[in-house]
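For the record, the sequence lines run as chains A and B.
In terms of this note's numbering, the first sequence has 133 at position 133, counting the first letter as 1, and numbering is strictly consecutive.
One rule links them: number in this note's numbering = place in the second sequence (from 1) + 1000.
Everything below concerns the one structure shown next.
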Amino acid sequence: MKKRTIFIAILLFFSVFVFMAAYSQEDIKFVDNSAFAKPERAPSLFAHDEHNENAELEECSECHHVYDEDGKKIEDESSEDQMCSDCHAEKASGSKLALMKAFHTNCKGCHVKEKKGPVMCGECHVNNPAAGK
Amino acid sequence: MHDVYNFVSGPLVWVAFIVFIAGSLYRVISLIMLVNKKEKFIFDYMSFKYSLRSIIRWSIPFATVNWRKHPVLTVVTFAFHICLIVAPLFILAHSVLIDESWNISWWSFSDTIGDIMTVIVIAGSIFFLIRRVVLPEVKFVTSASDYVILAIVAAPFITGFIAYHQWFAYPNMMIFHIISGEIMLMAIPFTRLRHMLLSPFTRAYMGSEFGGVRHSKDW
Ligand code: HEM
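Below, the structure is given as structure tokens:
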């Protein structure tokens, strides 16, 4: 009986760790690339909250935008409850950019404009982030 | 780094393409003008049929006696030249940049295929280098400029390969890659690399002379 209690205690103890490890994945480090059928590159570096703090981005709608029927951006609405891939498919449709181009235009576009942040492929798609930055 | 990158991937690309295209036109036009002035009779016996016959023949591996006599050289030459021209056109990263810069959705192949073609070009360059150093009959006709040309051609493939794999000095390697590609483009009309442009003309001339004048084959 005692053995079983210890066993369960140990099991509980480790499952908390597993749960915590899984939970800390919520802290985004990379941009999820699962919407691409066959990704070619390592996912892009992107520590969401830290990035936006460094870059002084306060408006979520800078990226998580909402457009009306006429293709005009609605300034005071945002879409952070959705993935970019919910609206941008792998292939472009109508005036909506294809998913890869949506990311590149959004991310690299701002870095080029601000002259800050990565602009070359391998600065975002880092092959081995442990060895890299 | 942003300023350097913007410069080499912006204005310098334009300079490289303008020099390459204008230089190539100049080369081809001045060749035709020269023939027109000095040996006008060549136009009389230039034959479309025999020109095409010869160009096609020589574009097929092992279709000519000369190709069959040097099987290793033939395989390397074809693999090298095909990859040299096709790889830069359809490398994924190039296609991405073409789309971002000019809104053209260009074709591309996967990174793996691009990587294999790059290795083929680098291996071919090493083969040609060793051949020049080792074979006496090749060494005899080799001058310093041949090594320079080989280096100009190999450089964008070597730097691109290292940058793609992010082995070391990534941002600098990327800049070297872009600059070396631009140097290669600009070198084409003004070095012996111009055989890329002119070889169809020399082949057409040979084919026409052998077919139309000597009534024989040139292969
Ligand atoms: C304070 C304002 C912001 C909020 C509240 C916010 C919220 C979120 C949330 C909740 C997600 C997860 C979506 C999901 O998994 O369903 C997300 C993902 C994402 N956000 Fe933001 N965001 C903000 C600002 C930004 C900005 C300014 C950018 C652009 C630089 C950005 C780019 C992204 C990207 C690319 C993802 C996808 C990450 C991934 O899937 O791995 N966000 N954001």
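All C-beta atoms in this analysis are idealised placements derived from N, C-alpha and C, irrespective of residue type, glycine included.
Here the structure is a predicted model, which is why all the values come from computation and not from measurement.
Count the other CB atoms, across all protein chains shown, that sit within 10 Å of the CB of residue i; report buried if there are 16 or more and exposed otherwise.
i                 : result
Lys113 (chain A)  : exposed
Pro39 (chain A)   : exposed
Leu1025 (chain B) : exposed
Ala47 (chain A)   : exposed
Pro1088 (chain B) : buried
Val1121 (chain B) : buried
Ser95 (chain A)   : exposed
To the nearest angstrom, report how far apart residue i and residue j are at their CA atoms.
i                 : j                 : result
Phe1168 (chain B) : Ile1032 (chain B) : 47 angstroms
Gln25 (chain A)   : Asp49 (chain A)   : Any reading at Gln25 (chain A) is ruled out, since the residue's pLDDT is 43, under 50, leaving its predicted position unreliable.
Arg1053 (chain B) : Gly1207 (chain B) : 7 angstroms
Phe1090 (chain B) : Asp1111 (chain B) : 10 angstroms
Lys108 (chain A)  : Gly1023 (chain B) : 34 angstroms
Arg1057 (chain B) : Ile1113 (chain B) : 28 angstroms
Phe1020 (chain B) : Ile1152 (chain B) : 15 angstroms
Asp81 (chain A)   : Tyr1005 (chain B) : 35 angstroms
Phe1127 (chain B) : Leu97 (chain A)   : 45 angstroms
Ala1016 (chain B) : Arg1132 (chain B) : 29 angstroms
Tyr23 (chain A)   : Gly117 (chain A)  : Confidence at Tyr23 (chain A) is low in this model, with a pLDDT of 46, below 50, so the placement of that residue should be treated as unreliable; the coordinate-derived value is given next. In a straight line, the C-alpha of Tyr23 (chain A) is about 28 angstroms away from that of Gly117 (chain A).
Thr1202 (chain B) : Ala1154 (chain B) : 25 angstroms
Arg1214 (chain B) : Leu1150 (chain B) : 36 angstroms
Ser93 (chain A)   : Arg4 (chain A)    : 59 angstroms
Asn128 (chain A)  : Ala42 (chain A)   : 8 angstroms
His104 (chain A)  : Phe1043 (chain B) : 53 angstroms
Ile1183 (chain B) : Pro1189 (chain B) : 11 angstroms
Val1035 (chain B) : Val1065 (chain B) : 29 angstroms
Pro1061 (chain B) : Thr1074 (chain B) : 7 angstroms
Met1173 (chain B) : Ile1162 (chain B) : 7 angstroms
Asp1003 (chain B) : Glu62 (chain A)   : 25 angstroms
Quick one: measure Cβ to Cβ for residue i and residue j, integer angstroms, because I've assumed they're closer than 8 angstroms.
i                 : j                 : result
Arg1027 (chain B) : Arg1194 (chain B) : 6 angstroms
Ile1175 (chain B) : Val1013 (chain B) : With 8 angstroms as the limit, Ile1175 (chain B) and Val1013 (chain B) do not qualify as a contact, their Cβ atoms being about 13 angstroms apart.
Phe1157 (chain B) : Thr1118 (chain B) : 5 angstroms
Val66 (chain A)   : Glu77 (chain A)   : 4 angstroms
In the structure shown, what three-state DSSP assignment does residue i receive?
i                 : result
Ser1105 (chain B) : coil
Ser34 (chain A)   : coil
Ser93 (chain A)   : strand
Thr960 (chain B)  : Because chain B in this structure spans residues 1001 to 1219, residue 960 (chain B) falls outside the shown range and cannot be described.
Glu1228 (chain B) : Here chain B has residues from 1001 to 1219 only, and residue 1228 (chain B) is not among them.
His1215 (chain B) : coil
Trp1167 (chain B) : coil
Met1173 (chain B) : helix
Ile1060 (chain B) : coil
Ala22 (chain A)   : Interpretation of Ala22 (chain A) is limited by its pLDDT of 46, a score under 50 that renders its predicted location unreliable; the figure taken from the coordinates is listed afterwards. The answer is helix: DSSP assigns Ala22 (chain A) an H, G or I state.
Thr1142 (chain B) : coil
Ala98 (chain A)   : coil
Phe1210 (chain B) : helix
Comparing the CB of residue i with every heavy atom of ligand 3, is any distance shorter than 7 angstroms?
i                 : result
Val1008 (chain B) : For ligand 3, the structure offers nothing, since it holds only ligand 1.
Of all the alpha helix (DSSP H) runs that stay within the bounds of the region 41 to 85 of chain A, which reach a length of 4 or more residues? 48 to 54
Minimum length 4: unbroken alpha helix (DSSP H) runs contained in the region 1085 to 1135 of chain B: 1092 to 1102 and 1111 to 1134
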